[in-house]
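Enquirer: Sharing a structure, written as structure tokens. Questions coming.
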Amino acid sequence: MEHVKKAYGDFVAVLDFTLRVRDGEFVVLVGPSGCGKTTTLRMVAGLEDATDGEIRIDGRVVNDVPPKDRDIAMVFQSYALYPHMSVFDNMAFSLKLRRFPATGEDGGTVMRRMGREEIDKRVRNAAKLLGIEDQLSKKPAQLSGGQRQRVALGRAIVRNPKVFLFDEPLSNLDAKLRVAMRAELAKLHQVLKSTMIYVTHDQAEAMTLGDRVVVMDKGIIQQVDEPQALYDHPRNQFVAGFIGSPAMNFLDAHVAVRGSGVYMDLGAVRLRIPDDLASKVRPLDGASVVFGIRPEDLYDRLFAQAMRPESAFPAKVDVKEPMGSDLFLYLRTGDLTVHARMNPATKVEVDGTLDVYVDMGKMHLFDRESGEAIV
0 MEHVKKAYGD FVAVLDFTLR VRDGEFVVLV GPSGCGKTTT LRMVAGLEDA
50 TDGEIRIDGR VVNDVPPKDR DIAMVFQSYA LYPHMSVFDN MAFSLKLRRF
100 PATGEDGGTV MRRMGREEID KRVRNAAKLL GIEDQLSKKP AQLSGGQRQR
150 VALGRAIVRN PKVFLFDEPL SNLDAKLRVA MRAELAKLHQ VLKSTMIYVT
200 HDQAEAMTLG DRVVVMDKGI IQQVDEPQAL YDHPRNQFVA GFIGSPAMNF
250 LDAHVAVRGS GVYMDLGAVR LRIPDDLASK VRPLDGASVV FGIRPEDLYD
300 RLFAQAMRPE SAFPAKVDVK EPMGSDLFLY LRTGDLTVHA RMNPATKVEV
350 DGTLDVYVDM GKMHLFDRES GEAIV
């Protein structure tokens, strides 16, 4: 996709979208509702016309090619199964309709329908891959949500398309089944080695499934990168806040140089910046910035290891949320409120106090006006 734009009158849903998806790559589009991710997917599918720009699949410009001739398969959030057909017929339906180029009796190319044996073979192979071989004779109403989603996946797989498109396919499943299906999709990509573009608002799906993740907001690409790089090196404050759960803490701060030390002055708290980062921050002495720190980079004294006391502050516990594997705390010091994700062995009660140690080596700084990352 090169400089693709989609406008509805004066409203621009997607602006200057440029992305090259490599053959066999799993790319995830993620962002909040209304960011343009589904519109982008629908333009690739041909369900929406691009207002401007160029879309190519396997080197061929497809802007004016109808959806049925783009050699894509799309899996929808709503499954979109035919209720009166069996699972087998739902999966076979598109194959029965399609015509394929074949060699005619005179040696020329003719368009023919796929034979019954080939259709049967493709459907049964896809059903085996998805573990629904024993469901082929049932109707969709007799299936669970997870099984229906597998049928929708199977219907796409049998076509063996150049590109698979997924529009929030797991949104209708419960949390436990969503995690299981996420793993199934990852294994499916490893087996098929097909090109896949996946749309979701769930950053956990994006981080676990994508070879690369495209973070969008207000119709604009904010960052394209591998999942870990998005987490470690967000390009701006939006990406930093969107990727990670719980979300990153953002606090207004000033850079303060005091002798040989460089500090983050948060008003009620002053935190020393490690020497390896201090040289990058020192030129910003006196500047107003946004200080970002992830909840998992805040520690109780017991788990702080070798962190300096200059990177700690006392805080009162406003809310305590035991999560089993983690302990979520809402902490307050002065007029500052931060969210911490700590070891569940941390001993603290609501309205109690504890010394919070900040891993300043993991801090992020953002420009207060533009939101762009500084450190």
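Residue numbers (the numbering used here): 0 to 374. For glycine and all other residues, C-beta sits at the position ideal for the given N, C-alpha and C. It should be emphasised that the depicted structure is a prediction, and the values quoted were computed from it without experimental measurement.
1) Alpha carbon to alpha carbon, how far is V198 from P31? Give it in angstroms, no decimals.
2) Which first and last residues belong to the alpha helix (DSSP H) in which Q189 is found?
3) Which ranges would you report for the alpha helix (DSSP H) in the region 85-147 if only whole runs of at least 4 residues count?
4) Taking the C-alpha atoms as reference points, what is the distance between K217 and D88?
5) Work out the CA separation of P308 and L265 for me, nearest whole Å.
6) Please tell me whether A339 and P273 are closer than 7 angstroms, where the distance is taken between their beta carbons.
7) Hey, how far is the Cα of H2 from the Cα of E53?
8) Check whether the region 274-286 and the region 249-262 are in contact - that is, three or more C-beta pairs closer than 8 angstroms.
9) Which class does A72 belong to by DSSP, given the choice of helix, strand or coil?
10) Our contact map puts L164 next to I196 with C-beta atoms below 8 angstroms; I'd like the distance itself, whole angstroms only.
11) Taking the alpha helix (DSSP H) that M206 falls in, what are its first and last residues?
12) My output table needs one value for Y78: the three-state DSSP class, helix, strand or coil.
13) Measuring alpha carbon to alpha carbon, tell me which residue in R271, V316, K346 and L330 is nearest K361.
14) What separation, rounded to the nearest whole angstrom, lies between the Cα atoms of T39 and F237?
15) How long is the line joining the alpha carbons of G58 and D15, rounded to whole angstroms?
16) Taking K4 as the reference, give the member of E24, D48 and V26 with the closest Cα.
17) In angstroms with no decimal places, state the Cα-to-Cα distance between L393 and V223.
18) Looking at the unbroken alpha helix (DSSP H) that takes in K36, where does it start and where does it end?
19) Any idea what DSSP makes of V280, helix, strand or coil?
20) Which residue spans inside the region 300-356 form an unbroken beta strand (DSSP E) run of at least 3?
21) Nearest-angstrom Cα distance between F327 and R149?
22) For G209, which option in Q221, V13, F249 and Q227 has the closest C-alpha, if you only look at C-alpha atoms?
23) Whose CA, out of T194, A126 and Q202, lies closest to the CA of A246?
24) Is I54 helix, strand or coil when you go by DSSP?
25) To the nearest angstrom, how far is it from the Cα of G351 to the Cα of V256?
26) At what residues does the beta strand (DSSP E) containing V261 begin and finish?
27) CB-CB under 7 angstroms to N62, same chain, minus the five flanking residues each way: which ones, in chain order?
28) I need the straight-line Cα distance from L94 to A125, nearest angstrom please.
29) Contact defined as beta carbons within less than 8 angstroms: I believe N235 pairs with A79. What is the distance between those atoms, to the nearest angstrom?
30) If distances are taken between C-alpha atoms only, which option among E104, A44, A151 and I219 comes closest to V86?
Expert: On the basis of the supplied data:
1) P31 and V198 have their alpha carbons spaced roughly 11 angstroms apart.
2) Taken as a continuous stretch (DSSP letters only), the alpha helix (DSSP H) holding Q189 covers A174 to L191.
3) Qualifying alpha helix (DSSP H) stretches, in chain order: 86-96 and 115-129.
4) Straight across, the Cα-Cα distance linking K217 with D88 is about 40 angstroms.
5) The alpha-carbon atoms of L265 and P308 are separated by roughly 16 angstroms.
6) Cβ atoms of A339 and P273: not closer than 7 angstroms.
7) Going by the C-alpha atoms only, they are around 7 angstroms apart.
8) The region 274-286, when compared against the region 249-262, does touch it at the 8 angstroms Cβ threshold.
9) Here A72 sits in strand by DSSP.
10) Separation of the CB atoms of L164 and I196 is rounded to 5 angstroms, and the pair is thereby assigned contact status at 8 angstroms.
11) Here the alpha helix (DSSP H) through M206 covers Q202 to L208.
12) If DSSP states are grouped into helix, strand and coil, Y78 belongs with coil.
13) With respect to the C-alpha of K361, the residue from R271, V316, K346 and L330 having the closest C-alpha is R271.
14) For T39 and F237, the distance between alpha carbons rounds to 20 angstroms.
15) Taking C-alpha positions only, G58 is separated from D15 by approximately 20 angstroms.
16) It is D48.
17) The question about residue 393 has no answer, for the chain in this structure spans 0 to 374.
18) Per DSSP, K36 belongs to the alpha helix (DSSP H) from K36 to A44.
19) For V280, the three-state secondary structure derived from DSSP is helix.
20) Runs of the beta strand (DSSP E) spanning 3 or more residues and lying entirely within the region 300-356 occur at 311-321, 326-332 and 335-341, in chain order.
21) Those two C-alpha atoms are separated by around 35 angstroms.
22) Taking only the C-alpha atoms, the option nearest G209 is Q227.
23) Ranking T194, A126 and Q202 by Cα distance to A246 puts Q202 first.
24) The answer is coil: DSSP assigns I54 none of H, G, I, E or B.
25) For G351 and V256, the distance between alpha carbons rounds to 33 angstroms.
26) For V261, the uninterrupted beta strand (DSSP E) run begins and ends at G260 to D264, by DSSP.
27) Around N62: A49, E53 and I54.
28) Each residue's Cα considered, the two are about 13 angstroms apart.
29) That pair is no contact at about 36 angstroms.
30) Nearest option by C-alpha distance: A151.
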